[in-house]
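**Student:** Sequence order for the protein chains is A and B.
Start counting the first sequence at 0; every next residue gets the next number (numbering that gives the first Met the number 0).
Start counting the second sequence at 0; every next residue gets the next number (numbering that gives the first Met the number 0).
Cβ coordinates follow ideal geometry from the N, Cα and C atoms, glycine included.
No experiment lies behind these values; they were computed from the predicted model shown.
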Amino acid sequence: MRLLLIEDDTDLVRLLKKDLEKAGFAVDIASDGIEAEFLGFEGIYDCAILDLGLPLRSGLEVLKNWRAKENTLPVLILTARDAWYEKVDGFKAGADDYLAKPFYSEELLLRIQALLHRVNQHSAGLLQVAGFSLDEEMQTVATANHKKIELTGIEFKLLRYLLLHPEKIISKATLTEHIYDADSDKDSNVIEVYIRHLRRKLGNSVIETRRGQGYVFKGNSV
Amino acid sequence: MNSIQVRLSIGLFISLVLAFSYLWLSTNDSIRALSEGYVVQHLKHDAESILNAMNLDETNRLSLNLKQVEPVYLRPFSGQYYQIVAKNTFIRSRSLWDQELLIPYLTAGEQKIFSLMGPEKQPLLVIASGFYKQGLTYTIAVAEDVSPSLESEQAFRNHYSYSVGVLLVLLLACQILILRFSFRPFEQIQKQIKKLRQGELRQMEVQIPDEVLDLVDEINHLLRVIESRLKRSRNALGDLAHALKIPLTVIQQLIQGDALKDQLELRTSLLKQTTNMHGIMQRVLKQARFSGEGVVNSTFNARKEVPELIAVLQNMYRHKNISIRFSLTGQEMIAIDREDMMELLGNLLENACKWANADIIISINNNQALQIVIEDDGPGVSKQNRLKLIKRGMRLDEMNEGHGLGLSIVQYMIEQYGGQLKLDHSSQLGGLLVEVNFK
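(1) Which bits of chain B does LEU115/A rub up against, with CB to CB less than 8 Å?
(2) Output yes or no for whether 7 Å exceeds the beta carbon distance between ASN365/B and ILE333/B.
(3) Is it the case that the Cβ atoms of LEU107/A and VAL74/A are separated by a distance below 7 Å?
(4) Does any residue of chain A have a CB that is nearer than 7 Å to the CB of ALA235/B?
(5) For the alpha helix (DSSP H) containing LEU149/B, name the first residue and the last one.
(6) Using three-state DSSP, classify TYR214/A as helix, strand or coil.
(7) What's the gap between the Cα of LEU178/B and the Cα of ALA240/B?
(8) For TYR81/B, write down the residues that DSSP places opposite it in a beta bridge.
(9) For the segment 358 to 373 of chain B and the segment 301 to 317 of chain B, state whether three or more C-beta atom pairs, one from each stretch, are separated by less than 8 Å.
(10) Who are the near neighbours of GLN206/B in its chain, counting only those whose CB is closer than 7 Å to its CB and skipping five residues on each side?
(11) When you compare the CB positions of ALA351/B and ASP376/B, do they come within less than 7 Å of one another, or not?
(12) For a contact meaning CB atoms closer than 9 Å, what does ILE57/A contact in chain B?
(13) Return the first residue and the last residue of the alpha helix (DSSP H) that ARG324/B is part of.
(14) To the nearest angstrom, report how far apart LEU53/A and TRP83/A are at their CA atoms.
(15) What distance in whole Å lies between the Cβ atoms of LEU422/B and ILE413/B, which are believed to be in contact at a cut-off of 8 Å?
(16) By the DSSP assignment, the beta strand (DSSP E) with THR139/A in it spans what residues?
(17) Tell me which same chain residues have a C-beta within less than 7 Å of the C-beta of HIS424/B, skipping the five on either side of it?
(18) Taking 7 Å as the threshold (C-beta atoms), are PRO101/A and HIS220/B in contact?
(19) Please tell me whether GLU342/B has its Cβ less than 7 Å away from any Cβ of chain A.
(20) Let me check understanding here. Comparing Cα to Cα, which of LYS146/A, SER187/A and ILE206/A lies closest to LEU162/A?
(21) In whole angstroms, give me the CA-to-CA distance for LYS217/A and ARG110/A.
(22) Identify every residue that forms a DSSP beta bridge with ASN1/B.
(23) Which residue's Cα is closest to the Cα of GLY256/B: LEU4/A, ARG1/A, ASP18/A and MET0/A?
(24) Can you pull the DSSP bridge partners for MET341/B?
(25) Pair every Cβ in the segment 184 to 203 of chain A with every Cβ in the segment 20 to 30 of chain B, then say whether three or more of these pairs are closer than 8 Å.
(26) Quick check: what's the CA-CA separation for GLU149/A versus LEU72/A?
(27) What residues from chain B crowd round ARG80/A, counting only those whose CB sits closer than 8 Å?
(28) Taking only beta-carbon positions, decide if GLN313/B is within less than 7 Å of chain A.
(29) Among the residues of its own chain, which have a CB less than 7 Å from the CB of GLU400/B, if the five just before and after it don't count?
(30) Roughly how many angstroms separate the alpha carbons of GLU99/B and ALA142/B, rounded to a whole number?
(31) Decide if TYR131/B is buried, meaning its Cβ has at least 16 other Cβ atoms within 10 Å, or exposed.
(32) Residues in the same chain with beta-carbon distance under 6 Å from ILE373/B, minus the five sequence neighbours each way, listed in chain order, please.
(33) Report the rounded CA-to-CA distance for ILE5/A versus ILE245/B, giving the unit in angstroms.
(34) DSSP three-state call for GLU507/B: helix, strand or coil?
(35) Note down the Cα distance separating GLN251/B from TYR103/A, rounded to an integer number of angstroms.
(36) Can you name, in chain order, every residue of its own chain whose Cβ lies under 7 Å from the Cβ of MET398/B, other than the five neighbours on each side?
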């Protein structure tokens, strides 16, 4: 899952980025409104965390511009402005959630998780698909017979993306886009290696390969 | 009654009535004097010709040469009479027939003019004069029936009174119209001030007479000042909140970071302090943002904005899947600052959402007074605690989650508008009922 963090306070960005990455998100930063609006149209982000008081263009305006051009990027507003009329204005502009500063990282992570589940039509709580349930906090996965399996960072990121999009063909390029941030070296061959690792841990039939197209998460749906 | 218009009306009415009464009375007097004067003139003239017709024979017997007397004095009860009286003489005009006029004896040179009831009840004007002729003193009285002139006088008076009355009514009507017209700008000003209070207007805009131009200009100026001051202070508070909350966020993030992982005591006390700081900041900033009673800059449209607010809350509490029913009776425009109203309803509804199981009802009744009732189906608050919540201004409860900060902000806002907050048991849903009344 790749997030766009739009925030102009560098200290907060540094801390937030660390927390978000620890939780298995790839994070790109935009520090002003114009850059944020541009990046939001790239179509590679699963969610944007949007501050309202931005230089060059206000967060609310950025959000309105996205929605005006039918960009459905899930947006969580994270702002110090917490008056009710501002919340109403935020939601009216098209926000999916609203969190006021100061906040606790756990709260933010929970909200992002819930938002991602929601937009991908999953219920809140543990991510449960076809016999697997992913614990996003502990970054472990449990099988139907409650066997807990530990995951490495990349494995967790991959599995989360696949679980959020089950039964869909996902290309290697897409997986790369949603797992690495802009600053990482992207090598789509590495994806194959990690898919192999996942198959070894979860079972071969869980992830199917469609030649020339990508992968499909099947789970233990038999 | 302290209305300039009424005072002017009364003053003008009284002075007009006085002026017209004086005019009426003095004209009446002049008309009477005029017609009397004319009759007197005529009678004097007749008296002279009667005097000329008088003859005294050798025995000092008085006789009258009737040929020299106007024929009207010879026709019985014609309305013109004379009577001559001396010590041994009594002569009356034939017109008097057998009647006699009651005439005083006068000395020579004396003259009296008076009214008298004559024959056939004719009102007479009499001029009697005494004179001296050949050693004898005579009194000659000449009288004329004035009923024709009285009649025409009456006719004139009627006509005149009628004209004066009509004129007075017309003038009064004119005066009322003039006053109405002149005071129309003031009525407009009154209406506009009402609209200003209800937030339907931001500036006064009238065809203003010069006398109050400065006043209206000043009011408009003050309105602009208040509006820009509120906007400025709200912006400044927003900026301050922003400026304080970011560092506070960073500090809280740092406290929870890995660096202090092992310093549990330090971490706990730092966290407690920053949480306190945040609480106080939140309260003070929110309180300072309230516009409070006065001229409303932007009104709250309940029909439009409450559903929006409900949508936001349902979004925020979507995991609870709460139904929020909203009913509005009376006016949809509420004369309370939009931001303040949002804050009030937002906080009350959020409290309800926190505690409700599945149902919330919000009813707004905005007729003469504004009443807001919010009920939930949560656990409610015991009577004792309800009293505590109201009495202590929520200060003690602010530290805790729940009906804490939200309610204290709400109570502060309600105080600013001179309203009242009441907590009760919801008989409909079983949880807490919050009732807010504004005058």
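**Tutor:** Answer, in terms of the structure:
(1) Under the 8 Å cutoff, chain B gives no residues; its nearest Cβ is about 14 Å from LEU115/A.
(2) In this structure, ILE333/B lies closer than 7 Å to ASN365/B by Cβ.
(3) no
(4) no
(5) 146 to 196
(6) strand
(7) 55 Å
(8) VAL141/B
(9) Yes, the segment 358 to 373 of chain B is in contact with the segment 301 to 317 of chain B.
(10) PRO184
(11) Result no, Cβ atoms of ALA351/B and ASP376/B do not sit closer than 7 Å.
(12) It should be noted that the sequence gives Ser, not Ile, for residue 57/A. Neighbours of SER57/A on chain B: none; closest Cβ ~12 Å, over 9 Å.
(13) That residue, ARG324/B, is in no alpha helix (DSSP H); its beta strand (DSSP E) goes 322 to 329.
(14) Going by the C-alpha atoms only, they are around 20 Å apart.
(15) With a Cβ gap of about 12 Å, ILE413/B and LEU422/B do not count as contacting.
(16) Residues 139 to 141.
(17) GLY379 and LEU432
(18) no
(19) So, interface residue.
(20) ILE206/A
(21) Between LYS217/A and ARG110/A, the C-alpha separation is close to 27 Å.
(22) Looking at the DSSP assignment, ASN1/B forms no beta bridge with any residue, so it has no partner.
(23) ASP18/A
(24) DSSP, once it has assigned bridges, lists no residue as partnering MET341/B.
(25) no
(26) Each residue's Cα considered, the two are about 31 Å apart.
(27) GLY237, ALA240 and HIS241
(28) no
(29) With a pLDDT of 47 at GLU400/B, under the threshold of 50, the modelled position of this residue cannot be trusted, and the question is left open.
(30) 12 Å
(31) exposed
(32) LEU347, ALA351, ILE361 and VAL433
(33) 14 Å
(34) A question about residue 507/B goes unanswered here, because the residues of chain B that appear run from 0 up to 438.
(35) 8 Å
(36) Residue placement at MET398/B is poorly supported in this model, since its pLDDT is 44, which falls under 50; the coordinates still yield a value, given next. Cβ within range, chain order: n/a, list empty.
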